[in-house]
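Residue numbering for the sequence shown follows full-length UniProt numbering, starting at 1 and increasing by one per position.
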Amino acid sequence: MSAGSIIDARDVDYTLDVAGRPLHILRKVSLSVAPAEVVAIVGPSGSGKTSLLMLLAGLEKATDGQVVVNGRDLSDMNEDNLARFRRHTLGIVFQSFHLIPSLSALDNVGLALEIAEPGLSMAQVREKAAAALAAVGLEGRLDHRPSALSGGEQQRVGLARASVANPPLLLADEPTGNLDQKTGAIVVDLMFDLARKNNTAVVLITHDPALAAKADRVFTMTQGQLTETTVPKPATASASSARKAPARKPAARKPAAKKPVSK
Numbered sequence: 001m002s003a004g005s006i007i008d009a010r011d012v013d014y015t016l017d018v019a020g021r022p023l024h025i026l027r028k029v030s031l032s033v034a035p036a037e038v039v040a041i042v043g044p045s046g047s048g049k050t051s052l053l054m055l056l057a058g059l060e061k062a063t064d065g066q067v068v069v070n071g072r073d074l075s076d077m078n079e080d081n082l083a084r085f086r087r088h089t090l091g092i093v094f095q096s097f098h099l100i101p102s103l104s105a106l107d108n109v110g111l112a113l114e115i116a117e118p119g120l121s122m123a124q125v126r127e128k129a130a131a132a133l134a135a136v137g138l139e140g141r142l143d144h145r146p147s148a149l150s151g152g153e154q155q156r157v158g159l160a161r162a163s164v165a166n167p168p169l170l171l172a173d174e175p176t177g178n179l180d181q182k183t184g185a186i187v188v189d190l191m192f193d194l195a196r197k198n199n200t201a202v203v204l205i206t207h208d209p210a211l212a213a214k215a216d217r218v219f220t221m222t223q224g225q226l227t228e229t230t231v232p233k234p235a236t237a238s239a240s241s242a243r244k245a246p247a248r249k250p251a252a253r254k255p256a257a258k259k260p261v262s263k
């Protein structure tokens, strides 16, 4: 495993048996992600992006190769150990919000925390859940059920739920897919800010190149193969001002012509 990596996937193959014939989903995929690093993966639908996320979450097992997350080789773990691994290591943000309709925003986040940290008192759970919602700007929506929240607010509840236990790794599968462009950008900015503040690594799956460009590194998945991509970073204010042409000096004024003196 690479020193200091939260993810170290090496030469990963993932193949499914379809009607007796092999269907190659991932081919020799390697990916290393450092703590607090934000990585985006782009690519066409069906290229294998979500399959890679499933392997990193321990929801599927690689056919060949090695997947090590937070120092644990997932291929050596049974289902019970994988469940514990997910509980303590991962936060997952989905495209569909998957909130429990009958619970308030506070209780949706609190339930995730109770599962991750069963030793907490109810007062501690509510305090931490409220703080997680405040961190995404929803301190005024604690008692609202999902039906009373906008799509962007529901996804922010999903982000609070994924990050409330401060996991070392956050996996986000098209988290802006059900949001308009402006709201999606706000949610992703919140996610990245929270991750960097909490020293959490992020792997983001997205179709939006503008969102991907905000990540530390960008990869492209094509027909099950992963390659690192150079993406122009969004211009900063200082960079923009540096590119402006220097202001021209005002032209010197000509002296006004003297009127002839009448005799």
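We put the beta carbon where it would ideally sit given N, CA and C, even for glycine. As the structure is a computational prediction, the values presented were derived from the model and not from experiment.
Cβ shell of Ile25 (< 8 Å), same chain only, five flanking positions each side left out: Tyr14, Thr15, Leu16, Gly48, Ser51 and Gly224
Report all residues from its chain with a CB closer than 6 Å to the CB of Asp208; omit the five preceding and five following residues, and keep chain order. none
Quick check on this structure: which residue in Asp107, Val33, Pro22 and Thr206 has the alpha carbon closest to the alpha carbon of Lys128? Asp107
Taking the beta carbon of Asn78 as the centre, do at least 16 other beta carbons fall within 10 Å, making it buried, or is it exposed? exposed
Report the partner residues of Asp8 according to the DSSP bridge assignment. Ser32 and Val68
Pick out whichever of Asp189, Val231, Leu82 and Gly110 has its Cα sitting closest to the Cα of Ala131. Gly110
With H, G and I counted as helix, E and B as strand and the rest as coil, what does DSSP make of Glu60? coil
Please report the straight-line C-alpha distance between Gly152 and Ala172, rounded to a whole angstrom. 15 Å
Output the distance between the C-alpha atoms of Gly58 and Ile186, rounded to the nearest integer angstrom. 29 Å
Count the C-beta pairs between the stretch 210-229 and the stretch 55-75 that are closer than 8 Å, then say yes if the count reaches three, no if not. no
Counterpart residues of Gln223 in DSSP-defined beta bridges: Note: Gln223 sits in no beta bridge, so no partner.
Round the Cβ separation of Ala123 and Val67 to the nearest angstrom and send it over; I've been treating them as touching at under 8 Å. About 38 Å separates the two Cβ atoms, so there is no contact after all.
Considering just the uninterrupted stretch of the alpha helix (DSSP H) at Gly184, what are its terminal residues? Gln181 to Lys197
Taking only the alpha-carbon atoms, compute the straight-line gap between Ala83 and Gly91 and give it to the nearest angstrom. 13 Å
Sorted by chain position, which residues of the same chain lie with C-beta nearer than 6 Å to Asn198's C-beta, five sequence neighbours on each side aside? Asn166
Can you give me the start and stop residues for the alpha helix (DSSP H) that Val157 sits inside? Gly151 to Ser163
C-beta atoms of Val18 and Ala195 nearer than 8 Å: no
Indicate whether Val93 and Met221 have their beta-carbon atoms separated by less than 8 Å. no
What's the C-alpha gap between Lys28 and Leu133? 39 Å
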